[in-house]
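*Asks:* Numbering (our numbering) for the sequence shown: 5 to 145. Positions of the beta carbon are idealized from the N, C-alpha and C atoms, including for glycine.
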Amino acid sequence: MKITLLLYLSILSGCMMTNAQSPSFSGKFAGQQPGISSAADMKVSGDHLTGSFEINGRPGNFNATIDGQQCQGLLFDIQMQKNYSFTALVSSDSLHMSIIFPELNNQVISLQMKRLPAESSAHNGNRVSAGRNNSLLGLWR
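In structure tokens, the structure reads:
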């Protein structure tokens, strides 16, 4: 009986360790590549991934389907009102995204982001504003 209980507990602890080490898409990520700053705030519900992203200050949303450590879906650029196909891979605390831009002859842009601590903001605050900036209005000399 003791051996059976010991065996059961060791199997259970092994399963718990496997789940704890499995990377998740859920969370906030940010990264810098030459000429590109990127950020994403991701939420997982079952095998469905949703969230918001920002590339060089331009905001957008995304929806994707998760398959293991990979996902595939669509990014929606709010400013351009366009959808872009993307794939992503999460490993440890890194997120690797590949986005296809049809208007650039189907060029694939690869982004690498690191997971942020829970209290950090994923967005870098350099948003492109669609409205006018009131602090720039007035008489310039």
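Can you give me the start and stop residues for the beta strand (DSSP E) that residue 45 sits inside?
*Replies:* As a first step, residue 45 must be located in the sequence shown, where it is residue number 41. Where residue 45 is concerned, the enclosing beta strand (DSSP E) stretches over 40 to 49.
*Asks:* Can you give the Cα-Cα distance for residue 86 and residue 41, rounded to whole angstroms?
*Replies:* The residue you call residue 86 lines up with position 82 of the sequence shown. The residue you call residue 41 lines up with position 37 of the sequence shown. Cα to Cα, residue 86 sits roughly 20 Å from residue 41.
*Asks:* Counting pairs of beta carbons, one from the stretch 115 to 123 and one from the stretch 94 to 104, are three or more of them closer than 8 Å?
*Replies:* These segments touch.
*Asks:* Kindly indicate the opening and closing residues of the beta strand (DSSP E) around residue 28.
*Replies:* As a first step, residue 28 must be located in the sequence shown, where it is residue number 24. First-last for residue 28: undefined, no H or E at that position.
*Asks:* Determine the contact status of residue 90 and residue 108, defining contact as a CB-CB distance below 8 Å.
*Replies:* Here residue 90 is taken as the residue at index 86 of the sequence shown, counted from 1. Here residue 108 is taken as the residue at index 104 of the sequence shown, counted from 1. No. Outside cutoff.
*Asks:* Residue 29: which of 111, 64 and 49 sits nearest, CA to CA?
*Replies:* What you label residue 29 is simply residue 25 of the sequence shown in a count that begins at 1. Residue 49 is the option with its Cα nearest to residue 29.
*Asks:* For the beta strand (DSSP E) holding residue 2, just list the boundary residues, first then last.
*Replies:* The requested residue 2 is not part of the displayed model; the chain covers only 5 to 145.
*Asks:* What is the rounded straight-line gap between the Cα of residue 34 and the Cα of residue 72?
*Replies:* Position 30 of the sequence shown holds residue 34. Position 68 of the sequence shown holds residue 72. Distance between the alpha carbons of residue 34 and residue 72: 21 Å.
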